[in-house]
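Novice: Numbering (the numbering used here), first residue to last: 427 to 669.
Below you can see the structure in the form of structure tokens.
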């Protein structure tokens, strides 16, 4: 907000820089978090590379070290992709929208995640009738993908992820580890992790749900989260404004 005051002798112009300060603060925090997150896999990769270089006589350990390096490289690749996606969403550019089949996008998502779900013995299921919504198809796919991927990663062996399509709502429910109330309020924050050790083990970047939030805003989708610790989490996507 700009305010101009005429004191009679001179003109004083006031600027409200609170939004600018907040944006700058968020950028600084994001940069610091990115630096930290990138350093971790790089340090691990360098460490195992040095072990291979210095302990070449222990040939039986080399396959394990290579496996660790590959895993950290994959984690680094996922992190970089998420950072690029989030940066692109931050640009606030316009995205082309069209009428998209909800069921088609959901099925495409599940096809890609079936292998991950099978490894964890998590059952994926869809219920409800198909209908069109007016969204950016690529971004809507990312939204569904990230929520379901998260539901699989933080589920238990033999768990279940159920996607229910209703007239004005998409419900994604799992019976995984659930959330504490204080965690539920922060899950859309960048790099926020409920369980850091588990996130590392599952390959989480800490950016997936932040991407979900941005995509939802761009596509006029409201998100509500309900969760009980030890029982599971449900995402409700209100799509009334996309019909």
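Ideal placement from N, C-alpha and C gives every residue a C-beta, glycine not left out. Here the structure is a predicted model, which means the values were calculated and not measured.
#1: To the nearest angstrom, how far is it from the Cα of residue 657 to the Cα of residue 486?
#2: Decide if residue 522 is buried, meaning its Cβ has at least 16 other Cβ atoms within 10 Å, or exposed.
#3: With distances taken from CA atoms, which of 619, 608, 581 is nearest residue 549?
#4: When DSSP labels each residue in this structure, what does residue 549 get in the three-state scheme?
#5: What first and last residue would you give for the alpha helix (DSSP H) that runs through residue 604?
#6: Taking the CB atoms as reference points, tell me whether residue 654 and residue 604 lie closer together than 7 Å.
#7: Would residue 666 be called buried (16 or more neighbouring beta carbons within 10 Å of its own) or exposed?
#8: Quick check on the burial criterion: 16 or more other C-beta atoms within 10 angstroms. Buried or exposed for residue 600?
#9: Which residue's Cα is closest to the Cα of residue 491: 507, 472, 620, 509?
#10: Tell me the rounded alpha-carbon separation between residue 608 and residue 484.
#11: Going by C-alpha to C-alpha distance, which of 547, 594, 467 sits closest to residue 579?
#12: From residue 620 to residue 606, what distance separates their C-alpha atoms?
#13: Rank 525, 470, 519 by C-alpha distance to the C-alpha of residue 502 and give the top, closest one.
#14: Excluding five sequence neighbours on each side, which residues of the same chain lie with their C-beta closer than 7 Å to the C-beta of residue 543?
#15: According to DSSP, residue 661 sits in a beta bridge with which residue or residues?
#16: Let me check understanding here. Comparing Cα to Cα, which of 560, 495, 533, 537 lies closest to residue 526?
#17: With a CB to CB cut of under 8 Å and the five nearest residues on each side skipped, what residues in its chain are close to residue 668?
#18: Going straight from the alpha carbon of residue 508 to that of residue 479, what length do you get?
#19: To the nearest whole angstrom, what separates the beta carbons of residue 529 and residue 588, a pair I think is in contact under 8 Å?
#20: Does DSSP classify residue 538 as helix, strand or coil?
#21: For residue 663, which residues in the same chain have their Cβ closer than 7 Å to its Cβ, ignoring the five residues on either side in sequence?
#22: Leaving out the 5 sequence neighbours to the left and right, which residues in its chain are closer than 8 Å to residue 534 when beta-carbon positions are compared?
#23: Considering residue 581, what are the terminal residues of the beta strand (DSSP E) in which it resides?
#24: Does the separation of the CB atoms of residue 639 and residue 617 fall below 7 Å?
#25: Mind checking residue 642: buried by the 16 CB within 10 Å criterion, or exposed?
#26: Using DSSP's beta-bridge definition, name the partner residues of residue 544.
Specialist: In terms of the structure at hand:
#1: In the chain shown, the residue the question calls residue 657 occupies position 231. In the chain shown, the residue the question calls residue 486 occupies position 60. The straight-line gap from Cα to Cα measures roughly 43 Å.
#2: Within the chain shown, residue 522 is the residue found at index 96, counting from 1. Using a 10 angstroms sphere on the CB of residue 522, the tally of other CB atoms stays under 16, which defines it as exposed.
#3: Position 123 of the chain shown, counted from the first residue, corresponds to residue 549. Its Cα nearest to that of residue 549, the residue 581 stands out among 619, 608, 581.
#4: Start at 1 with the first residue of the chain shown, and residue 549 comes out as number 123. Strand at residue 549.
#5: Taking the chain shown and counting its residues from 1, one reaches residue 604 at position 178. Looking at the DSSP string, residue 604 is not in any alpha helix (DSSP H), and its letter there is neither H nor E.
#6: Within the chain shown, residue 654 is the residue found at index 228, counting from 1. Within the chain shown, residue 604 is the residue found at index 178, counting from 1. Taking the C-beta atoms as reference points, residue 604 is found nearer than 7 Å to residue 654.
#7: For this step, residue 666 is matched to residue 240 along the chain shown. Classification of residue 666: exposed, given that the 10 Å Cβ count is below 16.
#8: Along the chain shown, one-based indexing puts residue 600 at 174. Of the residues assessed, residue 600 falls on the buried side of the cut-off, its CB having 16 or more other CB atoms within 10 angstroms.
#9: Within the chain shown, the letter at position 65 stands for residue 491. Per the C-alpha coordinates, the member of 507, 472, 620, 509 positioned closest to residue 491 is 472.
#10: Reading the chain shown from its first residue, position 182 is the one you call residue 608. Reading the chain shown from its first residue, position 58 is the one you call residue 484. Cα-Cα distance, rounded: 48 Å.
#11: The residue labelled residue 579 in the question sits at position 153 within the chain shown. Ranking the options by Cα distance to residue 579, first place goes to 547.
#12: The count along the chain shown starts at 1 and reaches residue 620 at position 194. The count along the chain shown starts at 1 and reaches residue 606 at position 180. Going by the C-alpha atoms only, they are around 9 Å apart.
#13: Position 76 of the chain shown, counted from the start, is the residue given in the question as residue 502. Per the Cα distances, 470.
#14: As a first step, residue 543 is located in the chain shown; it is residue number 117 there, counting from the start. Scanning its chain for C-beta atoms nearer than 7 Å, with the 5 sequence neighbours on each side dropped, one finds around residue 543 the residues 550, 578, in chain order.
#15: By 1-based counting over the chain shown, the position of residue 661 is 235. Residue 661 pairs with 598, 651.
#16: Along the chain shown, read from residue 1 onward, the residue named residue 526 stands at position 100. Distances from the CA of residue 526 to each of 560, 495, 533, 537 were compared; the closest alpha carbon is that of 560.
#17: Stepping through the chain shown from its first residue, residue 668 is reached at position 242. If the five residues before and after residue 668 are omitted, its C-beta is found closer than 8 Å to the C-beta atoms of 559, 560, 561, 645, 646, 647, all from its own chain and listed in chain order.
#18: The sequence position of residue 508 within the chain shown is 82, counting from 1. The sequence position of residue 479 within the chain shown is 53, counting from 1. Near 32 Å, if we compare the C-alpha coordinates of residue 479 and residue 508.
#19: Working through the chain shown from its first residue, we reach residue 529 at position 103. Working through the chain shown from its first residue, we reach residue 588 at position 162. No, residue 529 and residue 588 are not in contact; Cβ-Cβ is about 14 Å, not under 8 Å.
#20: Residue 538 sits at position 112 when you count from the first residue of the chain shown. Shown here, residue 538 sits in a helix according to DSSP, grouped into three states.
#21: The count along the chain shown starts at 1 and reaches residue 663 at position 237. Contacts found: 595, 596, 647, 649.
#22: Taking the first residue of the chain shown as 1, we reach residue 534 at position 108. For residue 534, where only same-chain residues beyond five positions count, the Cβ hits under 8 Å are 567.
#23: As a first step, residue 581 must be located in the chain shown, where it is residue number 155. Note, residue 581: premise wrong, no beta strand (DSSP E); not H, not E.
#24: As a working note, residue 639 is residue 213 in the chain shown. As a working note, residue 617 is residue 191 in the chain shown. Cβ distance not < 7 Å, so residue 639 and residue 617 don't count as in contact.
#25: As a first step, residue 642 must be located in the chain shown, where it is residue number 216. By the 10 Å Cβ count, residue 642 comes out buried.
#26: What you label residue 544 is simply residue 118 of the chain shown in a count that begins at 1. Beta-bridge pairing links residue 544 to no other residue.
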